[in-house]
Amino acid sequence: MAVHHLIRRGVSGGSPLHPFRGLLFASQELGRHPLSSAAGDAAAELRGAREEVKQLLKAKSCHPILVRLGWHDSGTYDKNITEWPKCGGANGSLRFEIELKHAANAGLVNALKLVQPIKDKYSSVTYADLFQLASATAIEEAGGPKIPMLYGRVDVAAPEQCPPEGRLPAAGPPSPAEHLREVFYRMGLNDKEIVALSGAHTLGRARPERSGWGKPETKYTVPSSWAVPDSSMNSTIKFGVKVVVIAVSHSSANRFSYLTSQKNGPGAPGGQSWTSQWLKFDNSYFKDVKERRDEDLLVLPTDAVLFEDSSFKIYAEKYAEDQDAFFNDYAEAHAKLSNLGAKFDPPKGISLD
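In the working numbering, the protein residues as written are 1 to 353.
Here it is, written out as structure tokens:
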């Protein structure tokens with residue numbers, strides 16, 4: 001999921017994905033810009049898209065992969081390159097197959113499939129905006145902080161404008177601290193932001209058959225223990241194989257049915273999570289990495305180093321003790337990440353809140 005990118009291998013080939021020819025890629029070669037005639041109309045479209053994302057999250061509990069979608073579109077930014085879009089960043093380039101094929105983006109075609117109907121309905125919303133909107137909304141709907149987002153990002157027009165492969169973090173580099181700094185400093189981020197963003201690993205799982213990391217399944221990634229956030233009840237509902245439904249909303253029951261029926265994709269059982277409630281955004285990632293008391297919870301080299309490196313450790317210890325501090329720093333870092341390399345129209349962006 002989040003900082004380290006651990007889902008399945010991408011698709012092959014160099015042309016737009018055939019299953020979506022005429023649907024997913026029909027308008028992509030030209031790209032789309034936000035409505036420039038009236039910021040109010042653009043904001044209304046964006047708000048409508050945000051509500052659709054919320055419904056998608058309720059229906060399919062796809063929070064982790066939507067967070068990753070936004071991160072991987074923006075995380076290719078290189079502050080040393082001044083020319084747009086060669087600098088990479090949040091420009092919608094991840095919709096093109098050539099970039100989806102990058103190893104770090106394995107599995108993100110599934111996220112694209114999930115948000116494409118929303119793009120079809122709100123065609124004036126750019127892919128660049130939709131990816132970042134979906135990511136921020138997923139954090140918020142999973143119980144995380146409100147992200148101070150701006151919109152109005154311009155899309156790149158063609159796959160030739162995609163960034164080169166190799167700009168995103170790896171999960172198990174030989175020197176984890178050095179690797180994290182190399183990647184995130186290139187984006188213009190600092191140690192505090194690296195650690196805060198790492199906390200998004202509270203969501204999601206890794207799968208060994210797709211990434212080479214994690215267990216095939218754990219007690220937390222089989223349906224009998226899944227915890228699905230229900231914003232309508234402001235609580236987390238645990239479902240068992242033998243379900244006893246007590247004050248469970250209809251939407252939650254539908255989500256459980258969806259999750260347990262999937263063989264592949266965001267709802268597929270299995271893998272290894274960083275936290276026990278991997279659809280809930282909180283500071284448990286830092287607590288679990290620090291304590292390492294549960295072998296069923298994943299700790300990658302790039303996770304462990306947060307409590308080993310003297311600079312990273314200052315923030316990791318703080319976030320393990322203080323969720324409010326984590327939420328505040330995470331919201332700022334996520335917003336900064338979402339704007340990297342973005343070209344806005346109007347130049348000051350569009351605020352929805």
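Glycine included, every Cβ here is placed at the ideal spot set by N, Cα and C.
Bear in mind that the values here come from a model prediction, so they are computed numbers and not experimental data.
| query | result |
| --- | --- |
| For glutamine 55, count neighbouring C-beta atoms within 10 Å of its own C-beta (all shown protein chains included) and say buried if the count is 16 or more, exposed if not. | exposed |
| Specify the secondary structure class of alanine 206 as computed by DSSP and reduced to three states. | strand |
| Tell me which residue opens and which closes the alpha helix (DSSP H) that threonine 137 is part of. | 127 to 141 |
| Would you report the Cα separation of histidine 250 and arginine 153, rounded to the nearest angstrom? | Bear in mind that the predicted position of histidine 250 carries a pLDDT of just 37, short of 50, making it unreliable; the figure below should be weighed with that in mind. So the two alpha carbons sit approximately 36 Å from each other. |
| Considering only the beta carbon of each residue, do proline 208 and lysine 219 sit closer than 8 Å? | no |
| Rank Ser310, Ala342 and Leu203 by C-alpha distance to the C-alpha of serine 284 and give the top, closest one. | Leu203 |
| What number of angstroms, rounded off, separates the C-alpha of alanine 320 from the C-alpha of glutamate 45? | 38 Å |
| Among the residues of its own chain, which have a CB less than 7 Å from the CB of glycine 89, if the five just before and after it don't count? | Ser74, Thr76, Tyr77, Leu340, Gly341 and Ala342 |
| Would DSSP call tyrosine 319 helix, strand or coil? | helix |
| Would you say the stretch 94 to 105 touches the stretch 158 to 173, given that touching needs at least three Cβ pairs under 8 Å? | yes |
| Between which two residues does the alpha helix (DSSP H) carrying alanine 304 extend? | 301 to 304 |
| Could you check the C-alpha separation between alanine 111 and cysteine 62 for me, to the nearest Å? | 8 Å |
| For the alpha helix (DSSP H) containing arginine 284, list its first residue and its last residue. | According to the sequence displayed, residue 284 carries serine and not arginine. Where serine 284 is concerned, the enclosing alpha helix (DSSP H) stretches over 284 to 291. |
| Assuming phenylalanine 53 contacts isoleucine 118 under a Cβ cut-off of 8 Å, what Cβ separation, rounded to an integer in Å, is found between them? | Per the sequence presented here, residue 53 reads as valine, with phenylalanine not at that position. Confirmed, Cβ separation roughly 6 Å. |
| Could you give the C-beta distance for lysine 79 and arginine 205, rounded to a whole number, given that I count them as a contact under 8 Å? | With 8 Å as the limit, lysine 79 and arginine 205 do not qualify as a contact, their Cβ atoms being about 31 Å apart. |
| In angstroms, rounded to a whole number, what distance separates the CA positions of isoleucine 350 and alanine 43? | 7 Å |
| Quick check on DSSP: helix, strand or coil for leucine 24? | Residue placement at leucine 24 is flagged as unreliable, the pLDDT there being 46, under the threshold of 50; the coordinate-derived value follows with that caveat. Three-state result, leucine 24: coil. |
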